[in-house]
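Trainee: Just dropping this structure here.
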Amino acid sequence: MRLLPPRESSRLAVVGLVAANAVPLVGVALLGWQLSVVMVIYWLESGVIGALNVPKVLLAAGSEVPENFNATINGRQVDLSGPTEPRDGLHLYPENTPIAGFFVMHYGIFWVVHGVFVFTLFAPSPFSNAFGLSTVLLGLGGMVVSHAGSFLVNFVGNEEYRATSPGLQMKEPYRRVIVLHVTIVLGAFVVTAVGAPVAALLLLVGLKTATDLHAHLKEHRRAAERRRERVKTGERDRRAESIEVG
């Protein structure tokens, strides 16, 4: 199996992330977007992250089992180890389906509860008029393009799927989303406390963008490290085989 050289996040994906996060920034600065609209966009973005993680889990070809992590469905332990016979190239693995199902259930509950929190405290009526709905869709569209692009160029193009197991991949969105949304919610409380001036909203969007970029780079740095370890393991195995043959 030939592996591509390990690479961290594509520059194109980084540019896409910054550009997508610039949409709310411009909206607040020039179009008068309110805190409620921004919070709903960020909540929907976390749903996009979760939705795109489902194919990632199904495509994961690695076999590493996460430490100190268990998953059960109806009292039955879910096997997190991944496919026993990974194939060359990009493939959906049916044996990863139980892990993907567990993720959908667990992350779905997390996302709905977070949505109730956002709509109750910060956005009781974000879709009260057509402008609110179109604004949210505009901001969401940028996030969808950014995350889908990162999936294509990083997970597929950089072959991150080869070195991550479904169990490890299932954990990735939580590492990013939990820290990100704690930052957003705390920032939103501050914005509300000071009366939601434009400057405070801009600071919130800037803080979210910086946190998101940092989390993105860390995620793909971990993926690159797993790929490097996989390459080293493959080289050691090939040397051992050549010694045995010789």
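In this note's numbering, the protein residues as written are 4 to 249.
Just so you know, even glycine gets a beta-carbon here, dropped at the ideal spot from N, CA and C.
A quick note: this is a predicted structure, and the numbers were derived from the prediction, not measured.
For A199, does the three-state DSSP call read helix, strand or coil?
Mentor: The answer is coil: DSSP assigns A199 none of H, G, I, E or B.
Trainee: Within 10 angstroms of the Cβ of D91, are there 16 or more other Cβ atoms? Answer buried if so, exposed if not.
Mentor: Counting Cβ neighbours within 10 Å, D91 comes out exposed, since fewer than 16 surround it.
Trainee: With 16 as the cutoff for other CB atoms within 10 Å, does F192 come out buried or exposed?
Mentor: Exposed, because fewer than 16 other Cβ atoms sit within 10 Å of the Cβ of F192.
Trainee: When DSSP labels each residue in this structure, what does L34 get in the three-state scheme?
Mentor: Of the three classes helix, strand and coil, the one that applies to L34 here is coil, per DSSP.
Trainee: Expressed to the nearest angstrom, what Euclidean distance is found between the alpha-carbon atoms of L38 and G144?
Mentor: Roughly 18 Å between the two C-alpha positions.
Trainee: With a CB to CB cut of under 7 Å and the five nearest residues on each side skipped, what residues in its chain are close to M4?
Mentor: For M4, the predicted structure reports a pLDDT of 43, less than 50, and the residue's modelled location is therefore unreliable. The matter cannot be settled from this model.
Trainee: DSSP three-state call for F106: helix, strand or coil?
Mentor: In the structure shown, F106 sits in a helix (DSSP, three-state: H, G or I).
Trainee: Under a three-way DSSP split, which group does P101 fall into?
Mentor: Looking at P101 - three-state DSSP - the assignment turns out to be helix.
Trainee: Return the CA-CA distance between K211 and R230, expressed in angstroms with no decimal places.
Mentor: Rounded to the nearest angstrom, the two C-alpha atoms are 29 Å apart.
Trainee: List the whole-angstrom C-beta distance separating S49 from H184, where the pair is believed to meet the contact cut-off of C-beta under 8 Å.
Mentor: Yes, S49 and H184 are in contact; Cβ-Cβ is about 7 Å, under 8 Å.
Trainee: If you draw a straight line from the C-alpha of R241 to the C-alpha of L171, how long is it?
Mentor: With a pLDDT of 48 at R241, under the threshold of 50, the modelled position of this residue cannot be trusted, and the question is left open.
Trainee: Excluding the 5 residues preceding and the 5 following L207 in the sequence, name in chain order all residues of the same chain whose CB lies nearer than 6 Å to its CB.
Mentor: G190 and V194.
Trainee: Could you tell me whether the region 42-56 touches the region 108-118, where touching means 3 or more Cβ pairs closer than 8 Å?
Mentor: Flag = yes, the region 42-56 and the region 108-118 touch.
Trainee: So, at 6 Å on beta carbons, what are the nonlocal neighbours of E238 in its own chain, with the 5 sequence-adjacent residues on each side left out?
Mentor: Residue placement at E238 cannot be trusted, given a pLDDT of 48 that sits under 50; the coordinates are not used to answer.
Trainee: Any idea what DSSP makes of E67, helix, strand or coil?
Mentor: Reduced to three states, the DSSP call for E67 is coil.
Trainee: Measuring alpha carbon to alpha carbon, tell me which residue in E175, G111, P89 and G30 is nearest L47.
Mentor: Cα-wise, what sits closest to L47 is G111.
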